[in-house]
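For the sequence shown, counting from 1, position 115 maps to 129 in our numbering; every step adds exactly one.
Backbone N, C-alpha and C define an ideal beta-carbon position, used for all residues, glycine too.
Here is the structure we will look at.
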Amino acid sequence: MFNLLLFDYRGYGRSSGRPDEEGTYRDALAAKNALLTRPECDPARVIYLGESLGGAIALALALEVPPRGLILQSTFTSLRAVAHHHYPVIPPVVIPDAYPSIRRIAKLKAPLLSLHGDRDEVVPLSEGRALYEAAPEPKRLRVFEGLGHSDLVSAGTEYASVIKEWARDVMANDGDPLPTSGSGEPKFG
15 MFNLLLFDYR
25 GYGRSSGRPD
35 EEGTYRDALA
45 AKNALLTRPE
55 CDPARVIYLG
65 ESLGGAIALA
75 LALEVPPRGL
85 ILQSTFTSLR
95 AVAHHHYPVI
105 PPVVIPDAYP
115 SIRRIAKLKA
125 PLLSLHGDRD
135 EVVPLSEGRA
145 LYEAAPEPKR
155 LRVFEGLGHS
165 DLVSAGTEYA
175 SVIKEWARDV
185 MANDGDPLPT
195 SGSGEPKFG
């Protein structure tokens with residue numbers, strides 16, 4: 015069974031204010047701190063999940079306050095890289111070097127599950143793969159065929175099963191490597 019804490023960063027969803035990089039990090043830390051005040055929350059069993067920009071923020075939070083595990087869904091290597099992908103005529107140096115996940119991920123001290131759709135037109139799969147490759151073990155990558163940026167949940171039970179299996183392994187393997195197939199590929203297809 016899972017308990018979820020969902021929140022909107024400043025300037026997103028129902029939250030007021032203007033979004034900025036430092037503010038989104040502070041919002042994530044505040045949400046984490048609010049979660050830990052709940053008596054039913056076991057800090058040793060917290061898993062972060064961030065999608066797209068939320069993945070970059072969840073990764074930054076994971077370096078400050080390590081979780082039991084981290085799920086990155088459709089996450090980019092950096093805002094500069096994904097912006098340059100969409101606007102290649104703009105020199106990268108002109109684009110702010112914000113949310114530099116590729117420079118951070120090597121410092122991750124938690125198991126990683128990386129999820130991405132192979133038809134993602136917002137954050138290309140190459141971004142997710144590069145982030146996954148730069149991450150330390152233990153890690154798993156699951157690519158969902160035919161799905162785009164915000165479509166992964168539409169995989170229904172397949173999506174839920176991937177997360178549940180990984181979370182079960184993370185909770186059972188106290189710091190031990192997560193099981194993979196003999197080829198080093200994820201054990202789920």
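With respect to the 7 Å criterion, Arg118 and Leu77 are classified as neighbours on the basis of their beta carbons. Our two residues, Pro110 and Ile104, have alpha carbons roughly 12 Å apart in a direct line. Nearest C-alpha to Leu84 among His99, Ala48 and Leu126: Leu126.
Counting only runs that start and end inside the stretch 136-191, the beta strand (DSSP E) elements of at least 3 residues fall at 153-158. For Tyr39, DSSP assigns no beta-bridge partner whatsoever. Collapsing the DSSP output to three states places Ser92 in coil. Judged by DSSP secondary structure, Ser128 falls within the beta strand (DSSP E) whose first and last residues are Leu126 to Gly131. Under DSSP, Leu84 forms a beta bridge with Tyr62 and Leu126.
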